[in-house]
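Worksheet for the structure shown next.
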Amino acid sequence: MHQKSVALLKAIGGQSSYLALALAILCSLNAFAVDKALQPPKEVNEYQSAVLKDMGVVQRKAMNKGERFILATNFSFDFSDGPYTNYYLQLSPGYAFSDFWEVTLHYAPFFISNPRSIVTKVENLDLLGGGKASILYNKPKYALGAEIVWAPMYGKDSLGINHLVRSDTFFKGGFSRVTYTDDSGMRYFFGFGKTYFLGSSAGFRASVVLNYVQTIVDNQKKFAFQAALELGGIYYF
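Counting from 1 along the sequence shown, just add 427 to a position and that's the residue number in the numbering used here.
Here you go:
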């Protein structure tokens, strides 16, 4: 009887030891879980920061210009030290190969040449042998050429607090042959500007252009730099 009691106590003691060990493990696991819950979610923050680091926001384009024909018109006048200011209207049909690249032909059917103050001052001078002094200026008649346009950037501008105007920024370069009264010359140019879109097909375009053009003054034909401002519209169809 005594031996059976001892064996029973040992069995109960062994099971108690196993039970105590299991309770200890369970408590440690609960404590570990509580500690983890109280800690800031580092894994989530690290994941979010990595996502935000690689995330970029691209604005919605105002229109899809790629693979569309173009018809543009612009009015231009130059800033230079020449004796005349030249105004002209230019027509430019072309094609947009993508949202970033366009090629157009341009044709200026006529020029309006307005004399500057230097012309009047020279004409008021008297020559030693008699007569009046004058500046011999070969006026441009028309021009024909081509240009390529690269528009790598687009964005939006606010108009008040309730309206947005979408636009792109472009660079362009090209050439043309200018026909003068008695001769002709070449014009090379590079410029940049913006297109403000007025819908899904039309826009207003403004640009500043630096010309390197052959002029004929006092029977001397030579290249000179001219700056010009261009304002006009463009239509994609």
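Using N, Cα and C, we set each Cβ at its ideal position, and we do this for glycine too.
Boundaries of the beta strand (DSSP E) around E529: 528–535. The C-beta separation of G618 from V640 comes to about 13 Å, leaving the pair out of contact by the 8 Å criterion. Under the three-state reduction of DSSP, E574 is assigned to strand. According to DSSP, residue pairing for R604 in a beta bridge involves L571, M613. Within the model, the alpha-carbon separation for A629 versus R604 is close to 29 Å. Relative to K492, the option among D609, I545, G612, Y522 whose CA is nearest is Y522. Within the model, the alpha-carbon separation for A655 versus G556 is close to 39 Å. For S540, the beta-bridge partners assigned by DSSP are N513. For K649, the uninterrupted beta strand (DSSP E) run begins and ends at 647–663, by DSSP. Annotation: the continuous beta strand (DSSP E) that includes L498 extends over 495–506. The residue among S594, D610, F616, P510 with its C-alpha nearest the C-alpha of I661 is S594. CA-CA distance, A633 to T622, rounds to 7 Å.
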